[in-house]
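I have placed the structure first, in the form of structure tokens, so that the comments after it can refer back to it.
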Amino acid sequence: MKKNTKIQPVILCGGEGLRLWPISRKSMPKQFYDLLGSGESNLSFILKLVDKPAFEDPIIVSNIKLRALLKKELFRIYPKRKFTVLLEPTVKSTAPALSATINYFDSINIDKDQTLAFLPSDHLFSKGSSLIRELNALVKEGIGEEITLIGVKPEYAEVDYGYIKFKNSKNKLKEVERFVEKPKLGMAKRFIKDKRFLWNTGIFIGKQITFMNLLEKFYKNHDMVRKAVMDSSIKTEGRVSYILLSKEFFKVSNDSFDKSILEKTSEIKVLPANIAWRDLGSWKSIYNSLKKDKNNNSFFGTDIHSHAVSNSLVYQSELPKKKEILISDISNLAVVDTEDALLVTSLDSSLDFKEILNKSNIKNKDTTSLFHRPWGNYTNLLSEPNVLVKQITVYPRSSMSLQRHFHRSEHWTVLSGKAYVTVGNERKLYKKNQSVFIERKTKHRLENPFKKPVEMIEVQIGDKISEEDIERFDDLYDRME
């Protein structure tokens, strides 16, 4: 039998997205944004990176809350390609994600010697072809019985990255001496002077059997994840097949693959690679990735004005309703402006935004003003205790669930396009400038079987305005619970 030299890519596309707050939120993490103005999202870049003859079709690992966003992005990037997505029912770290993937591959009887490459979707590889060459060379030389990590030479002292120290040798693949996660600034400066330290890119490469053996040996929740995979449900939406892990996954501890496995085994090597890489996980890394002006500033946006500003980042979101921004007499700051939140912080801050946000009572820490659903999206235009006004877009050939509400009535007005609206037992076609009233406790649904999206205004009025006030009777996207 001819040896399979293709690489099976696995794209890790979960996470909470809070490190780049307020641009990135739980409802739309940073991998779905064009953070540097390149014209494509980070996820898009990674998917195109592995769209090469050297790779099998990618498997994507994400979570249920990102399902609608993911589907939209996949269909936009690849109008005809099929995808398989493992969906976690709750957000977890990398150890559960890798365990779920390995168990899934085992369940479909993948070749145990198949080379796997786990790739983060929120990292930047500015020269993607260099990474492809490194991966191809690894496979051609033969993947051994260890996990191979990709490391890159540090460019500066970065406290938000992980570091790998390797043992000196003439071999291309180096033995790992130790890991250091997010060192203090003084320690990071010492690492820069020591040529044996590399930035950890978060890429894991190895055979299916190698990952399986290490997970079985070191990862205490591996069997629990296996049960979540074996009890999973499968849902196909067009060209995307979703493997929804069972509720057993909620019991799994939130562990990183590095700490759970890599730091406990000697069966790892690191490849010092000549690639341009960034973990876009801090505003300092965004600053370092953008062009600078003569005063060493990075201004991202169109309505930014400055006076006596140096060594700073001013970042304006691409959302509508932009504000004029005037910055004066500051240095070494990150100023990040969105439609509903403003962040001002030191560029060198090593504070954990996740921890700060989780302890705060900020209302909009998890969501942007644009909400994504499997059928489309909506923006909240006005939110009061007893009134909510939304602008809603329903994608072509998509449908809301058949539903009712107990605490509110709704008024729908079509702005553009056309759709079938069911209210009670009556189903009618509604076009631009036509309206319909839906009394509370009345079953209703909007369907768009046409080729163009439909846009409408929804006005909710009631004694309780909540996304939880919903009972579904039929849903294309299995959201019945």
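All residue numbers for the sequence shown refer to our numbering, where the first residue is 112 and numbers rise by one. Every residue gets a Cβ at the ideal spot worked out from N, C-alpha and C, and that includes glycine.
{"query": "Pick from F194, H418, T456, F277 that is closest to S352, judged by C-alpha positions", "result": "F194"}
{"query": "Same chain, Cβ closer than 6 Å to L454, five either side skipped, listed in chain order", "result": "P133, V447"}
{"query": "Reference F322; option with closest CA among A211, L513, L123, Y144", "result": "A211"}
{"query": "Residues of its chain near M112, where Cβ-Cβ distance is below 7 Å and the 5 sequence neighbours each way are ignored", "result": "Low confidence applies here, because M112 scores a pLDDT of 38, under 50, leaving its location unreliable; read the following figure in that light. Within the same chain, M112 has no close Cβ partners at all."}
{"query": "Backbone CA spacing between E199 and V172 [nearest angstrom]", "result": "8 Å"}
{"query": "For I650, the residue or residues it bridges with in DSSP", "result": "The question about residue 650 has no answer, for the chain in this structure spans 112 to 592."}
{"query": "Within 9 Å, strictly: CB atoms of S400 and F410", "result": "no"}
{"query": "Spatial neighbours of D168 in its chain, beta-carbon cut-off 8 Å, leaving aside the 5 residues before and after", "result": "R192, K193, F194, T195"}
{"query": "Cβ shell of I572 (< 7 Å), same chain only, five flanking positions each side left out", "result": "N497, V498, R519, S520"}
{"query": "Status (buried if at least 16 other CB within 10 Å, exposed otherwise) for D404", "result": "exposed"}
{"query": "A165 - DSSP class collapsed to helix/strand/coil", "result": "coil"}
{"query": "E348 vs K182 beta-carbon contact at 9 Å", "result": "yes"}
{"query": "Exposure of Y398, with buried meaning 16 or more beta-carbon neighbours within 10 Å", "result": "buried"}
{"query": "Rounded Cβ spacing between K163 and I243 (contact assumed at less than 8 Å)", "result": "6 Å"}
{"query": "Cα-Cα separation, E450 to L458", "result": "21 Å"}
{"query": "Helix, strand or coil at D366 [DSSP, three-state]", "result": "coil"}
{"query": "Beta-carbon proximity of K552 to R515, cut-off 9 Å", "result": "yes"}
{"query": "Cβ neighbour criterion (16 or more within 10 Å) applied to Y267", "result": "exposed"}
{"query": "Selected residue, minimal CA-CA separation from A387, among D580, K264, V547, L160", "result": "K264"}
{"query": "Classification of F548 by the beta-carbon crowding that lies within 10 angstroms, buried from 16 upward", "result": "exposed"}
{"query": "Helix, strand or coil at T205 [DSSP, three-state]", "result": "helix"}
{"query": "Identity of the residue in P507, S546, S509 nearest S524 by Cα", "result": "Before going on, a small fix: residue 524 reads as Thr here, not Ser. Nearest option by C-alpha distance: S546."}
{"query": "Segments assigned beta strand (DSSP E), at least 3 residues, entirely inside the region 169-235", "result": "170-174, 194-199, 226-231"}
{"query": "Segment limits, alpha helix (DSSP H) that includes Q142", "result": "Note, Q142: premise wrong, no alpha helix (DSSP H); not H, not E."}
{"query": "Strand pairing of V533, partner residues [DSSP]", "result": "In the sequence as presented, Val is not what sits at residue 533; that position holds Thr. BP columns for T533 point to R538, R556."}
{"query": "DSSP-derived helix/strand/coil call for Q545", "result": "coil"}
{"query": "Residues that DSSP places opposite T259 in a beta bridge", "result": "I316, K380"}
{"query": "Simplified DSSP assignment, three categories, for A248", "result": "helix"}
{"query": "Touching by the beta-carbon criterion (3+ pairs, under 8 Å), the region 358-367 and the region 326-344", "result": "yes"}
{"query": "T456 versus L444: straight-line alpha-carbon distance, rounded", "result": "6 Å"}
{"query": "Status (buried if at least 16 other CB within 10 Å, exposed otherwise) for K203", "result": "buried"}
{"query": "Rounded C-alpha distance that separates K176 from I261", "result": "30 Å"}
{"query": "Local conformation of K113 per DSSP, three classes", "result": "With a pLDDT of 48 at K113, under the threshold of 50, the modelled position of this residue cannot be trusted; read the value that follows with caution. Reduced to three states, the DSSP call for K113 is coil."}
{"query": "Short Cβ contact (9 Å threshold) for I436 with I467", "result": "no"}
{"query": "Cβ separation of K278 and K285, assumed to be a contact under 8 Å, to the nearest whole Å", "result": "6 Å"}
{"query": "G125 versus F143 - alpha carbon distance", "result": "11 Å"}
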